[in-house]
Every structure is written in C-alpha cells, then in structure tokens.
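Protein chains in written order, with the UniProt record's numbering: chain G, 1 to 334; chain V, 1 to 365. Even glycine gets a Cβ: it sits at the ideal position worked out from N, Cα and C. On a predicted model such as this, the values are computed, not experimentally measured, just so you know.
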Amino acid sequence: MDEELERDERVFLMVEEVAQYDGALQVSRGLWKKYGDKRISTLPFLRVRILIMWRSGGSGGGLLLFKTGPSLPLFQAGLRPICEFMTFNFSMQAIDQVINSAAKTYYMSAGLQPVPIVFRGPNGASAGVAAQHSQCFAAWYAHCPGLKVVSPWNSEDAKGLLKSAIREDNPVVFLENELMYGVPFEMSEESQSKDFTIPIGKAKVERPGSHVTVVSHSRLVGHCLDAAAVLAKEGIECEVINLRTIRPMDVESIEASVMKTNHLVTVEGGWPQFGVGAEICARIMEGPAFNYLDAPVTRVTGVDIPMPYAKILEDHSVPQIKDIIFSIKKTLNV
Amino acid sequence: VKANVSSVLKATSVKCDLHRLEEGPPEKAELTRDQGLQYYRTMQTIRRMELKADQLYKQKIIRGFCHLYDGQEACAAGIEAGINPTDHLITAYRAHGYTYTRGVSVKEILAELTGRKGGVAKGKGGSMHMYAPCFYGGNGIVGAQVPLGAGIALACQYQGNNQLCVSLYGDGAANQGQLFEAYNMAALWKLPCIFICENNKYGMGTSVERAAASTDYYKRGDYIPGLRVDGMDVLCVREATKFAADHCRSGKGPIVMELQTYRYHGHSMSDPGVSYRTREEIQEVRSKSDPISMLKERMLSHNMASVEEFKEMDVEIRKEVEEAAQFATSDPEPPLDDLCNHIFYNNPPLEVRGTHPWAKLKSLS
C-alpha cells in the first residue's frame, strides 16, 4: 500500500482506527505518520457503511463517497480509494453499497462511471472469535458480476495481488486472512521490487504432481502443501493449485491439471453450500476436463454450522490437514 | 449490625441534563442500607469477575475476544435496579456485567469464557454471545443490537404486557445509521424502548471528539426526549432509569439516556488502552470516580454500614469468583456430538455436512 500511495496521488486509504491505534490489525501501521490525514482517512470505530453514488458527467466519472455513521460526504473525482474493513464480517453492514453501488455502476452507466476501489480486510475464521466474526465471504462476493475477488495466500501473493488490485480500474474485494498476517515467507528478489505485480485472474501451481489436483485459496493452501508433503512419503504426488483469484476464476489452469491427474479435490474454509468448491465442480463438469475425471470431485470445506467458540468445537469446524489427506485418499480410492 | 447504623439515606442528589423534557428524575434519591449493600455486592462481583477474566485471558485459558467492563459497573447495577426482572435488555459485546445482572451466575459466565460445557451457552457462544431469559446478549457487530432492541419493545407493545426494552450501545455505535432508523420507528410507533448510550469516551481508540460532530449523545434522538447522568454513580443511574421506565410505561414512547462512564481496560484484551489515552487519565478516574469506592464512601460516611461489613463482603465475593474460576478451568469442554446441534428450533433431526462428503454429522434442535 505504501508503494502504491507513493506511486499515484489519487490512491488513498480509509481505515478504521488507523491513527493512534495504528489500524486494528496493524496492516496500515506507519502509513498515517508518513502520508497524513489527506491520504489516510481515519474513520471512527463504526463499522463503516460506504455509500457510493455516481455523479454523471466527466470522463473517468466522479465518485461520491458517504460513510454513514458520521455521514461525511467525500467527493473524489477520479480518486482511487482503498477501503479497509476491520473484518469482512462487518462488510455485511455495507454490503448493499459494495454490490449495488460499486459492482453494478459501470454496467448501469453503460461505461460512463468506472469504480476503481479496493475493499480489503481479513476474511474467514480466526481463533476463538465465535460465530459473528468467523465467516468466509468468498462465495458471497464472487457470486456478483462486476466485482473481482482476490484471495492471497503468502506474502508474494499479498503484495503482488494488492498492487494489482489498487491499479485495477474496477472494484476489487481483497480477502486477507488474520492468521496469515504474522506468518513470514521468503520473498524472491523480483518480488521485492516496487513494481512487482501479480495478475488478477491467474492461479499458480504451487507444487506440481501427477496423481491428484488439489485446489485451494488463502490460508488452506498451506494446509494442502502440508498434506501433500505427508502423502508424498506414501508415493502420492499432489498437484497443489493456489487459486489466488476467486473471480474471475482461472478454470483453465484447473482443467489443464485435471486433464493430467484425473482427480480433483477442492479445499476451502467457507461453508459447503453454493461455495467456491461447488463452483469449481460445476465449471469442471461444463468443460473439457470432465471426461478426464476418474472419480467425482471431492470438496473439503468448513462444517455447515455457525462457528462455535469452544476450542475443541472450533477445531472440528474447519478443515484439518488430516481431513485433506483423508479426502485425497478417498478420491484416489486408496 | 451496629446500633447507630442508619438505614436510609435521603439526601443524595441526582444531577441530570435534560433534552425535550420539562422535568427529569427527582433531584434527591433515597438509598436504603439493604439497597446499598446489594448494589455494592453486585458491582464488586462484576469487578472481581472481570479482573478474573483478565487473568484467565493472559493465561490463554480464555481465547478470542474479551471486552471487559470494569469501571462501568454502576451502569449495569443501576439499570437493573431501575427496571423489573421481566423487562428486557439487549447490549453489545461488553456484556459480562449485564449477563450477571440479568441473572446468570459468575460460574456460568466464566465457564462460557473458558469454552466449557457448563457455560451459559454451553461453550458455543463465547464472550460476546451470552443470553438469559429477557436478556438478548451479547452482540458482536457494532450497533446491530439497537434495532433489535426496538423490535423487542415492539413485541412488548404488541402483547400489551407493560414491559419495556432497554437497548444499550456505546459512543462509537451512536453514530451509526441503523440507530437513527431505530429511533425513528420507535418514536413513530411510541415503542416502550429506553435507548441507553454508555459513553465511555472512546470507541476503540477514537475519542468522542474525533468521532462525533455532536457528543451530546442524549440529544441525538432529536425528537426523542433524552437525559444524561453520571454513569459512575449507581444511584443516578437508577433514578434516571426509573424515570425513563415510567416514561415508556405511560405510553409516551421511547426515551434516550446517556450514561457518562469510563472503562479501565482497553477496548479489548488485545488493546493495552494507553496509546490513545494517558495512564494519568485512567488513574484519575480510578481515584476520584470509581463507582464502587464512591458508593462505599457514601455509605460509610453516612454510617450505613461498617468497614468490617464491606471487608466481609469482599472476602465472600472473592471466594465466589475464585470457586467460579475453579469450575471454569476444570469443567470439560463441550462434547463433539454437540457440534451441530441448535441450528434450527423445533425441527426434526437434520443431517449436516462435515468437512468432507463422508462426514455426515447430526443436528438436533
């Protein structure tokens, strides 16, 4: 964000509690001190409700941003806001505007009003935060035309995809993961450059394999790689694909892999019904890879319940590495 | 009981700011010895319970979110003293105090915090999701509980049962649009709803001056009458609540109340609470306006109880909290077969998908 704020003056950040609190999860730490009030808009602790209204006229269009709570109208002609949700659970209070104002406006205006905005924040289960704070919104947002939905796993993903999201001229929902914030990763020389971007809409094969395709996004990519390491000792070679983008989904990469391995397991933290895995299944069925499947696709998902608080229950509500291993073996019939 | 202990204090004054009200609560309130001891016990129990929760959190026996109420005890105790047990109450996530005043034992609260089957929500809810008859939590999403409170008030009106609903929120939530929608409907339909803003001066790390164009939270209901009292004084809170309850029950519609209070802890256990306010400020409130000390001093100076009596109560309360903590740390976690229960009410048993298609779990109502 620092690099993008430096690169383009139109980029600015709206975060709750960014000033003295340094941003609740410290992702925006130091930015307010560096850029000041104009570029870093600190919102009171309100669960921001963003109302985006378009104003007619002018190339590039104008964006009128209201935050209900203290209804501060902020007129930005051609600005590129980054809006942080403290967690995506709170985005439900603003979701009308994300969908009806951000996602649909370019279409409704027949090309007059683009909406270059990024909504970012932690998504999905954390640790012990109970039902109202643990939901995964990947399926909810990815359902909507007009939005791009990105879900990084490691540091390179986070950096490269966020920069692309900020440079993207359309609304992007950027689903981070609180439990991943503190996990360090080695970063390549190339990825440390200020212009390192990762294209939105392209998945990455994190680990090549020949027996089964395992597709995941966000934190569970790590779980899949761990499962793959265990299975490799038994002679099962998993091809682990990191989706990186949920919408538009890189189905071609999945298809190419399935046409090689003949088996597919999807892994996600969200609920099963109408989810990311369900979409992958449907798309595979509709495309050339269907005829290459030697077994039905298996979906590994969160348990279909609100998230319980007690540790033992919470642990059993989300996919564990052993669940992934079990599912892969069942799919391979071994 | 000492021979010259007086049983009633008649002269305590209730200072009140009024909005769209000709008159407010009576200027003088009465406190009996029994009441005083009861309020003291309630507040001290909440205080010790919250400090125990702090300890358990630091030992990692409590996980996730934990928003502590110490400093604000007079609000919970005073409100409960001003309403009936059959009235209704809903609040946000800083809810342990209200869970207690609404009738849940310290044992069940702490066991819920530690995620055990003996917790008030069987370990499934955690800190922000505790419930009791006439107490609707414990709500995690800021401000969402206020329209719910108006709805509960609607139910009271609909059923004609002369009950009311107390709908609590903080200074942070006070700026939310959904509150104003709730105000509008409550006023339009004259719902028996007391909207109470616990103004502890900070919404997370944002001071009220930086958050609100108007910090007169008792006036924010605009067309709804309002009153503001010192939330550190349990008697003021009680009198204001009684006044507000009478207002609602007489069919006049909703009323807004602001309680000026203070939290000693940060927003939650992950907030040290000193990056946006000074230690001096916290210390000043502790020494000059602590609700429990203030009540105790008042009773002592009017000879309503002895130092020994307070000491005895303190010992009893510490013991109660200690035993509750013992239970909370030794009670087993909920059984795995409770994982999927309580999805639907009054429903035949349901099959629930586990983490993969071969995990077929069972859900009972």
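Residue i classed as buried or exposed, judged by whether at least 16 other C-beta atoms fall within 10 angstroms
i	result
T241(V)	buried
K360(V)	exposed
G60(G)	Interpretation of G60(G) is limited by its pLDDT of 24, a score under 50 that renders its predicted location unreliable; no figure is taken from the coordinates.
A282(G)	exposed
Q55(V)	exposed
K219(V)	buried
K15(V)	exposed
L175(G)	buried
T278(V)	exposed
L72(G)	With a pLDDT of 24 at L72(G), under the threshold of 50, the modelled position of that residue is not reliable, and the figure given next carries that caveat. By the 10 Å Cβ count, L72(G) comes out exposed.
V15(G)	buried
D323(G)	buried
M49(V)	buried
L313(G)	buried
L13(G)	buried
Q176(V)	buried
A127(G)	exposed
G302(G)	buried
G172(V)	buried
R29(G)	exposed
N-terminal and C-terminal residue of the beta strand (DSSP E) that residue i is part of
i	result
E190(G)	Here E190(G) belongs to no beta strand (DSSP E), and DSSP marks it neither H nor E.
I196(V)	C193 to N199
S275(V)	Taken as a continuous stretch (DSSP letters only), S275(V) belongs to no beta strand (DSSP E), as it is neither H nor E.
I83(V)	Here I83(V) belongs to no beta strand (DSSP E), and DSSP marks it neither H nor E.
E176(G)	V172 to E176
S363(V)	K360 to S363
Residue i versus the options, residue with shortest Cα-Cα distance
i	options	result
E323(V)	V8(V), T45(V) and L21(V)	T45(V)
G143(V)	G287(G), Q93(G) and G78(G)	Q93(G)
H211(G)	V118(G), I236(G), A130(G) and V115(G)	I236(G)
L364(V)	V352(V), P254(V) and W358(V)	V352(V)
P288(G)	M259(G), G270(G), S151(G) and H263(G)	M259(G)
G149(V)	E280(V), P254(V), R41(V) and K311(V)	P254(V)
P319(G)	E258(V), K288(V), G354(V) and Q178(V)	G354(V)
A228(G)	R39(G), S327(G) and V118(G)	S327(G)
E112(V)	W358(V), Y345(V), L339(V) and D331(V)	D331(V)
residue 366(V)	A245(V), N162(V), E239(V) and I109(V)	It is not possible to answer for residue 366(V), since the shown part of chain V is limited to 1 through 365.
K204(G)	E186(G), F196(G), G275(G) and V215(G)	V215(G)
E168(G)	V115(G), N123(G), S151(G) and M187(G)	V115(G)
G221(V)	S13(V), A182(V), G71(V) and I343(V)	A182(V)
residue 367(V)	S301(V), D338(V) and F327(V)	The requested residue 367(V) does not occur in the structure, where chain V is confined to residues 1 to 365.
G118(V)	F327(V), H342(V) and P349(V)	F327(V)
residue 368(V)	K28(V), G71(V) and K58(V)	Nothing can be reported for residue 368(V): it is not among the residues displayed for chain V, which extend from 1 to 365.
Beta-carbon spacing of residue i, residue j below 7 Å
i	j	result
I241(G)	A142(G)	no
M232(V)	A81(V)	no
G138(V)	H129(V)	yes
L112(G)	R10(G)	no
L243(G)	H217(G)	yes
S253(G)	T213(G)	no
V234(V)	G78(V)	yes
G203(V)	A213(V)	no
P192(V)	C248(V)	yes
E17(G)	G205(V)	yes
V120(V)	V104(V)	yes
I82(G)	A102(G)	no
E84(G)	G124(G)	no
E156(G)	S134(G)	no
G277(G)	R299(G)	yes
G146(G)	K104(G)	yes
Start-to-end residues for the alpha helix (DSSP H) that takes in residue i
i	result
I224(V)	It is not in any alpha helix (DSSP H) - I224(V) carries neither H nor E in the DSSP assignment.
C236(V)	V234 to R249
I321(G)	I321 to L332
C238(G)	C238(G) -> not in any alpha helix (DSSP H); beta strand (DSSP E) instead, spanning C238 to N242.
V230(G)	L220 to A232
L147(G)	Counting along the chain, L147(G) falls outside any alpha helix (DSSP H), and DSSP gives it neither H nor E.
C156(V)	Q145 to Q159
Closer than 6 Å: residue i CB and nearest the ligand PLP heavy atom
i	result
R247(G)	The model depicted lacks the ligand PLP and carries no ligand whatsoever.
| Selection of the stretch 336–351 of chain V by Cβ proximity to chain G, strictly under 8 Å | Those would be L336, D338, L339, C340 and I343, in chain order.
| message | Please list, in chain order, the residues of the stretch 133–165 of chain V that have any C-beta partner in chain G closer than 8 Å. | response | Against chain G - using a Cβ distance shorter than 8 Å - the residues of the stretch 133–165 of chain V are N139, G140, I141, V142, G143 and A144.
| task | Quick one: which residues of the stretch 192–206 of chain V get their C-beta closer than 9 Å to a C-beta of chain G? List them in chain order. | result | Contact annotation: in the stretch 192–206 of chain V, residues whose CB is within less than 9 Å of a CB in chain G are Y202, G203, M204, G205 and T206.
| said: Taking beta-carbon pairs under 9 Å, can you tell me which members of the stretch 308–327 of chain G lie near chain V? | reply: Those would be P308, Y309, A310, K311, I312, L313, E314, H316, S317, V318, P319, Q320, D323, I324, F326 and S327, in chain order.
| said: Under 7 Å, CB to CB, which of the residues in the stretch 306–336 of chain V have a partner in chain G? | reply: Cβ contacts with chain G come from E333, P334 and L336.
| Interface residues of the stretch 85–100 of chain G facing chain V [CB-CB below 8 Å] | Going along the stretch 85–100 of chain G in chain order, one finds N89, F90, M92 and Q93 with a Cβ nearer than 8 Å to chain V.
| Using Cβ-Cβ distances below 7 Å, what residues of the stretch 117–138 of chain G are close to chain V? | Residues A127, G128, V129, A130, A131, Q132 and H133.
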